[in-house]
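Numbering follows our numbering, with no gaps: position 360 of the sequence shown is 402.
Glycine included, every Cβ here is placed at the ideal spot set by N, Cα and C.
Please read these numbers as outputs of a predicted model, since none were measured by experiment.
These notes are about the structure you will find just below.
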Amino acid sequence: MKESEFIEQNKEKWLEFEENIEKKDASPVKISKLFIQISDDLSFARTFYNNRSVKIYLNGVAKLLLNSISRADKSYFKDFLNFWRRDLPLSVYASKRAMLISFVVFLAAFCLGVVTSIYDEGFAKQILGSSYVNMTEDNIAEGDPMGVYKRSSELEMFLHIFWNNFRVDMLTFFAGLFAAIGTLLVMVYNGVMLGVFQFFFIERGVFWESFLGVWTHGALEISTIIIAGGAGIMLGRGFLFPGTYTRFQAFRMNAMHGLKIILGIIPITFAAAFIEGFMTRHTEIHNALRLLFILCSFGFMIMYFYWYPRQVVKRNKHAYNPDEHKPIYKPQLTFNVHEALNMGKLITETIRQLFKNLPFFLPYMFGIALLVGILIANDSNNLFHLTKSQTISLSDYYDFLNFPSTGILNGLIMTITLLLSFWRLSNVIGVGQELRVKRNNIVKSISVPSIISSVLFVLIIMMDSGWYIALAHIVFPFLVFITTICLKQNITFFASLNVVGSLLNKQFSSFIVVSGLMFIISWLVYVSGAAAIQILFVNDALMMILTNDSVVAGKITLGLSAFELAFSSMIYVVLTVASNYIMYYTFFETYSAQNLLHRISQIKLSK
43 MKESEFIEQN
53 KEKWLEFEEN
63 IEKKDASPVK
73 ISKLFIQISD
83 DLSFARTFYN
93 NRSVKIYLNG
103 VAKLLLNSIS
113 RADKSYFKDF
123 LNFWRRDLPL
133 SVYASKRAML
143 ISFVVFLAAF
153 CLGVVTSIYD
163 EGFAKQILGS
173 SYVNMTEDNI
183 AEGDPMGVYK
193 RSSELEMFLH
203 IFWNNFRVDM
213 LTFFAGLFAA
223 IGTLLVMVYN
233 GVMLGVFQFF
243 FIERGVFWES
253 FLGVWTHGAL
263 EISTIIIAGG
273 AGIMLGRGFL
283 FPGTYTRFQA
293 FRMNAMHGLK
303 IILGIIPITF
313 AAAFIEGFMT
323 RHTEIHNALR
333 LLFILCSFGF
343 MIMYFYWYPR
353 QVVKRNKHAY
363 NPDEHKPIYK
373 PQLTFNVHEA
383 LNMGKLITET
393 IRQLFKNLPF
403 FLPYMFGIAL
413 LVGILIANDS
423 NNLFHLTKSQ
433 TISLSDYYDF
443 LNFPSTGILN
453 GLIMTITLLL
463 SFWRLSNVIG
473 VGQELRVKRN
483 NIVKSISVPS
493 IISSVLFVLI
503 IMMDSGWYIA
513 LAHIVFPFLV
523 FITTICLKQN
533 ITFFASLNVV
543 GSLLNKQFSS
553 FIVVSGLMFI
563 ISWLVYVSGA
573 AAIQILFVND
583 ALMMILTNDS
593 VVAGKITLGL
603 SAFELAFSSM
613 IYVVLTVASN
623 YIMYYTFFET
633 YSAQNLLHRI
643 SQIKLSK
């Protein structure tokens, strides 16, 4: 190509480079992309036009871009400001329908709580608890309806309230993983509870004092719960209604919007807890000032989370893709077994494979978890666990030392889940791509390693409780990786012990981070599910609709708790297998460079 043709072909791009260099607000991502492109052009110019002016020009532009990158990397404060000025408002606007649904559900539940309280005098004790109702009635009789906010020190109450509100926000958001149903149930419960709470004071003629007391902090606190509900609905919406996106693309996009929103409301949750701990107790403050503070709090929430996002969208139309304008459908990506992935891509590919194969795994996991729930709920011979409450805790579920039958049941479920996961992934990952295809006799290759892995997992926990549960979950990913080596290299479990060290030698940190993240995801599923069961069923929010029999109610909540634990543990196994299966290809290629050597040999043959 002649130099003049090269310049004519790229001059518009180079002009764009110069414009972005001159911009003081050009994003680091944009500058980095420009640097890569200009470096490619510079390499081409050095090869073909080494003594021409175009090389000097491109070399100068590259240096300027490099300086811009260096400056951009230091603009942490600017990135922080951009999050609040632009990124968060855009995510809020993208979630406007979810926010509206969250608000409507909460308002309807609030009205339901008020109406039910009108017709059922005992409803307040069922929702708020007898002890709280009795204490508040005593406070009203003493002339201090808001006395509950003065029972402990400011700092103690602030810390307790912040942790509780933070936990509710996280639960509301992550409950969206359950197809948004979990989030909606949490919103219903909180709406009903607030409606019952407010009518309780109206009925006793102290509405005004309760309104000023509760909404001093409630204007921010309740608003953040509704906003967290919108974020949770977004999380579930991405999975349920992908539209013209792939299901994984839709989930990832909506999850990012939801995470930004959750990060954005944490400071507001902190402020609400501070107000509740240090200010609400001061009922002696003039009513006009308290009312003004409430109105200002509501005004801030409406301005920042309703009005301001719309203004940002008007100024940044190019940066926002409304839901009405979906991109053209992109076919699902095919995992390239020959590519060495970085840590971020390893995590992304693992989650993508989970979503891609979830329709296959869900019926199995649901069926097995349901069976476990029924067995534990109807455990008349006390074979599987011992609990004095209506729920089964993590320590109860893994109490293999006192209840070996539970260990045997878990070991059997883990073995079957391992075999099923490896069989499924071997049939959908790398098919037709591997240089050597070793997919014959899959079950035969991994049956012994899977049994060994499950038995070792159970035996570690059976040594004792507590830290041994954590130790078993630390060891388990290594056992799964060894099983993966057995499958891919067609060797025995003990022979693979010689290979695992070589593959993890320079990739150990990536292995630990990815495996740890898979555990955290499973833990979030467990925590959100357990909290939802505790709030919605054990606290009589929904149980009274199902049955009035305390024995039956205990069995239902116990079965649900066991179901959720078994389901979460199987999610952990599937995620661990998927991550290790994907990591094997990256680690093997990094260690052996087999694909690189193969391509080099093909080049030599073509010559």
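Candidates the options: closest to residue i by CA position
i: F536; options: S422, Y633, L417 and I524; result: I524
i: I418; options: A217, I434 and F403; result: I434
i: N232; options: V190, N296, M298 and C153; result: C153
i: G409; options: E606, A136 and S159; result: E606
i: W257; options: E318, F283 and R294; result: E318
i: I327; options: F243, L254, Q353 and Y346; result: L254
i: D441; options: M456, P351, L425 and L454; result: L425
i: N469; options: G280, Y623, S137 and E198; result: Y623
i: S463; options: V497, A620, F499 and S552; result: A620
i: G664; options: N532, I527 and G415; result: The displayed coordinates of the chain run from 43 to 649. Any statement about residue 664 would go beyond what the structure contains.
i: S195; options: L413, F215 and F316; result: F316
i: F281; options: S538, L546 and L400; result: L400
i: T266; options: N206, T325, R279 and G224; result: N206
i: L404; options: F340, P446, I613 and G300; result: I613
Rounded C-alpha distance that separates residue i from residue j
i: I268; j: S173; result: 27 Å
i: D421; j: L602; result: 14 Å
i: I143; j: A292; result: 19 Å
i: M276; j: L566; result: 17 Å
i: K646; j: I393; result: In this prediction, K646 scores a pLDDT of 43, lower than 50, which makes its location untrustworthy; the coordinate-derived value is nonetheless stated afterwards. Near 38 Å, if we compare the C-alpha coordinates of I393 and K646.
i: F57; j: L132; result: According to the sequence displayed, residue 57 carries Leu and not Phe. So the alpha carbons of these two residues sit roughly 30 Å apart.
i: I562; j: Y348; result: 33 Å
i: K480; j: A270; result: Its pLDDT being 48, under 50, K480 is placed unreliably in this model, and the coordinates cannot settle the point.
i: Q395; j: A608; result: 21 Å
i: A140; j: T158; result: 27 Å
i: R127; j: M625; result: 38 Å
i: N423; j: S492; result: 30 Å
i: G199; j: R209; result: According to the sequence as given, residue 199 is Met; it is not Gly. Cα-Cα distance, rounded: 15 Å.
i: W509; j: F220; result: 29 Å
i: M345; j: P351; result: 9 Å
i: K372; j: G285; result: Low confidence applies to K372: its pLDDT is 46, below 50, so where it sits in the model is not reliable, and the reading given next is rough at best. Whole-angstrom Cα-Cα distance: 11 Å.
i: G306; j: N444; result: 45 Å
i: I554; j: S437; result: 24 Å
i: Q475; j: V517; result: With a pLDDT of 48 at Q475, under the threshold of 50, the modelled position of this residue cannot be trusted; read the value that follows with caution. The straight-line gap from Cα to Cα measures roughly 31 Å.
i: I336; j: A313; result: 13 Å
i: F696; j: T390; result: Residue 696 is absent from the structure shown; the chain starts at 43 and stops at 649.
i: L413; j: V490; result: 25 Å
i: K548; j: I511; result: 28 Å
i: L301; j: I308; result: 11 Å
Contact check, residue i vs residue j, beta carbons under 8 Å
i: I488; j: L529; result: yes
i: M4; j: G155; result: Residue 4 is absent from the structure shown; the chain starts at 43 and stops at 649.
i: R332; j: Y191; result: no
i: L521; j: S495; result: yes
i: F397; j: F320; result: no
i: E631; j: A297; result: no
i: L262; j: I310; result: yes
i: L170; j: V238; result: yes
i: T599; j: L388; result: no
i: M456; j: V615; result: yes
i: I303; j: S137; result: yes
i: V230; j: A151; result: yes
i: S538; j: I527; result: yes
i: G449; j: M407; result: no
i: R466; j: F402; result: yes
i: T459; j: S557; result: no
i: S551; j: S610; result: no
i: F241; j: P187; result: no
Boundaries (first-last residue) of the alpha helix (DSSP H) holding residue i
i: N34; result: Residue 34 lies beyond the range of the chain shown here (43 to 649); nothing can be said about it.
i: A382; result: A382 -> no alpha helix (DSSP H), and no H or E assigned at all.
i: M188; result: No alpha helix (DSSP H) holds M188; DSSP gives it neither H nor E.
i: M199; result: E196 to F216
i: F536; result: F535 to L546
i: Q353; result: Y350 to R357
i: P309; result: R289 to F320
i: I327; result: Taken as a continuous stretch (DSSP letters only), I327 belongs to no alpha helix (DSSP H), as it is neither H nor E.
i: D438; result: L436 to Y439
i: D180; result: S172 to A183
i: S422; result: Per DSSP, S422 belongs to no alpha helix (DSSP H) and is neither H nor E.
i: M141; result: K138 to Y161
The ligand GDP heavy atom lying under 7 Å from the CB of residue i
i: F165; result: This structure lacks the ligand GDP, and indeed carries no ligand of any kind.
Next on the checklist: Using 8 Å as the cut-off, can you tell me whether the segment 247 to 256 makes contact with the segment 179 to 193, which would need three or more C-beta pairs spanning the two stretches below that distance?
Outcome noted: yes
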